[in-house]
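Contents: one structure, followed by commentary.
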Amino acid sequence: MSFPENASPKLTEQLAAQFRAQAAEFGLVLAARCRFCGAPIWAPKSLAQHAGPICQSRNKNSDVGSPAKNQTDAAA
Ligand SMILES: [Zn+2]
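Numbering of the sequence shown is given in our numbering, commencing with residue 251 and proceeding in unit increments.
See below:
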């Protein structure tokens with residue numbers, strides 16, 4: 251029950267860069283999955299957006315950081 255504050259940090263470009271640097275030491279490449287299509291992504295910019303470049307351009311209008319498009323919470 252005592253997770254540190256940064257247990258689940260948002261993957262910022264800086265954080266991604268840190269991960270990539272650590273992974274590189276082991277000969278690994280940091281990759282994630284596009285939140286739109288699930289394709290593997292590894293470019294720093296893609297990791298920061300959690301989306302591949304194609305999906306980023308397709309979903310420019312969607313909010314970055316909020317996967318739920320339908321915001322049904324008390325919109326009065
Ligand atoms: Zn995608």
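Note that the Cβ used here is the ideal one computed from N, Cα and C, for glycine as well. As the structure is a computational prediction, the values presented were derived from the model and not from experiment.
Counting C-beta atoms within 10 angstroms of its own C-beta, Ala293 has fewer than 16 neighbours from the protein chains shown and is therefore classed as exposed.
Residues of the same chain with their beta carbon placed closer than 8 Å to that of Lys310 are lacking, with the five preceding and five following residues left out of the count.
The C-beta distance from Ala289 to Gly277 rounds to 23 Å, too long to meet the 8 Å contact threshold. Our two residues, Arg285 and Ala271, have alpha carbons roughly 23 Å apart in a direct line.
Annotated as distal: Ile304 and Leu297, with beta-carbon spacing of 8 Å or more.
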